[in-house]
Amino acid sequence: MLLYNTLTKKKEEFVPITPGKVSIYVCGPTVYDLIHIGNARPMIVFDTLRRYMEHKGYEVNYVSNFTDVDDKIIKKSIEEGISSSEVSERYIKECKQDMEHMNVRPATTHPRATQEIDGMVAMIGTLIEKGYAYEKNGTVYFSTRKDRYYGKLSHKNLDDLRSGFRSLQVSGEEEKEDPLDFVLWKPKKEGEPFWKSPWSEGRPGWHIECSVMSRKYLGDTIDIHAGGEDLIFPHHENEIAQSECCNGVPFAHYWLHNAFLNIDNRKMSKSLGNFFTVRDIEQHYDLQVLRLFMLSAHYRSPLNFSHDLMESAKSALERIRNAIDNLNYLIANAKTQAMTDAEKKNAGELPGAAKRFDDAMDDDINTADALAVIFDLVRFANSETNEESSKEFVRAIKDEILMLGDILGMVFEKKEEVLDSQIEALIEERQAARARKDFARADEIRNQLAQMGITLLDTREGVKWKRS
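Taking my numbering, the leading residue of the sequence shown gets 51, the next gets one more, and so forth.
As structure tokens, then:
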């Protein structure tokens, strides 16, 4: 299996640290709002990587964090007059719901930055002791000049960067010994959440969080570190510097990065009015359409999001689902059970399709080519099955399509239509549970309805619902 390693800028054969096991760390979202479709791309891409690794027989330890302390979270908490922990709790819950609807499986561990502060204080202390960090007025900085390998991931010319940073210095920057030095710990400001440390009451810098959580849940050296290409510099560069200077060993063997997502050939931006959350998309499409759209391009290729391309993905998904519906009909009405000799010969093509699928995925997770194999199978199903086909033959084709789709996290069988009366009955039960303060059951019912494609809206006039 070949993976493109950002560190070496080439495809490399994947060799795990421990045979049969894979450790993967993926940088998760900062939870101050609903996740947008830019967040969704790495979630879907690296969930697919994980699924394929498991398909190949690896035991995967997959860690993806939630950054739950950050300037944006604090700003939101001040605007709403609530604590920053209430903001992060709300949006972690919303993020998990969106992930579920995109069929992104929960990580083995979803650590939260605020629960790992002790580890961060300890790592910062070690970096100071080793001479890689220094404290100024309660702020602790990492000294990039002390790390002779700094810049190896982003392949940037550091002298040019330093001269550029000098011209952009702002208040407080003069405390740094070098313009590229970055914050490991910063003192609290009025009204901000804080933790005690040897240097000041404050909170950690963003970069140290991932280094600590990766080490705690995966070890000093991991197999794969992944995220969006916007994180290469400075976030991932700084993670490498902190981790390797502290631990004295390589941080990650393979660095994988997905390319940007643009909207109608422009960068997504609220100011341009082309900013879409996953919830916005769910108002118009089954999120399996979004997943298919994301996987229709190679993860390292820039991806352009547009209405026309989403409609094309919707049509493609319907084509597969219609084929599955037809195969289900043929299975239910088949006149014979066992394959004929001619069908056995035809069925002999199925292992070849599975091999082409694996070949595509082994070539740096080429989901576009893997999907092409599934569409070939759909065409095969449509042309080679009819009312005279045996149940065994039809089921073999259906199982192959569903199995390959599942590796990509795609759900090809349509959900049964939910009756309005069923929805109303569940809402009534949820209201009763809330009245008796059984909020666990109420949340359970809301999640059940969400899985059925039903979104609840709690309004002053009562509970309203709509189909996704």
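Note that beta-carbon positions come from the ideal geometry of N, C-alpha and C, so glycine has one too.
At a cut-off of 4 residues, the continuous stretches assigned as alpha helix (DSSP H) that sit fully inside the segment 245-295 are 256-268. DSSP, read as helix, strand or coil, puts P237 in strand.
Where D508 is concerned, the enclosing beta strand (DSSP E) starts and stops at 504-509. Apart from sequence neighbours up to five positions away, the residues of its chain that approach T159 with a beta-carbon distance below 6 Å are V113, Y267, ordered along the chain. Here N383 is not bridged, per DSSP, to any residue. Cβ contact annotation for G181 (same chain, cutoff 7 Å, sequence separation greater than five): K196, in chain order. Spatial neighbours of L281 in its own chain (CB-CB distance under 8 Å, excluding positions within 5 residues in sequence) are listed in chain order as C77, H307.
The segment 258-274 makes no contact with the segment 134-151: fewer than 3 CB pairs, one atom from each, lie closer than 8 Å.
Of S261, E185, D358, N288, the smallest CA-CA separation from N315 is found for D358. The C-beta distance from N55 to W305 rounds to 6 Å, short enough to fall under 8 Å. It is roughly 26 Å from the alpha-carbon of N288 to the alpha-carbon of M318. DSSP, read as helix, strand or coil, puts Y335 in coil. According to DSSP, Y112 shares a beta bridge with I74. Only residues of its own chain outside the window of five on either side were considered, and among them F283 have a CB closer than 7 Å to the CB of K206, listed in chain order. Inclusion of L454 and I424 in the CB contact set at 8 Å is warranted, their separation being smaller than that value. Residue pairing for A183: DSSP places it in a beta bridge opposite F192.
Counting along the chain, no beta strand (DSSP E) covers A431; the unbroken alpha helix (DSSP H) around it starts and ends at 417-434.
Sequence-distant partners of A384 (beyond 5 residues in either direction) whose C-beta falls short of 8 Å from its own C-beta, in its chain, are S439, S440, K441, V444.
Contact between I123 and T80 is confirmed by a C-beta separation of about 7 Å, below the 8 Å threshold.
Within a 10 Å sphere around the beta-carbon of Q338 sit 16 or more other beta-carbons, which makes this residue buried. For the 8 Å CB-CB criterion, T68 and T417 do not form a contact. For M344 and L353, the gap between their C-alpha atoms comes out near 8 Å.
Take T435, set aside five residues on each side of it, and the residues of its chain with a beta-carbon closer than 8 Å to its own are N376, L377, L380, F443, V444, I447, in chain order. A residue is called buried when at least 16 other Cβ atoms come within 10 angstroms of its Cβ; H348 meets this threshold and is buried. For D168, the closest of H334, S351, K246 by C-alpha to C-alpha distance is K246. CA-CA distance, G252 to A302, rounds to 29 Å. Between V72 and M103, the gap from beta carbon to beta carbon is short of 8 Å.
For F310, no beta strand (DSSP E) run applies, since DSSP gives it neither H nor E. For N55, the beta-bridge partners assigned by DSSP are K60. The closest CA to that of E63, considering only D414, A492, T176, I258, is found on D414. Between E463 and L400, the C-beta gap is not smaller than 8 Å, which leaves the two residues out of contact.
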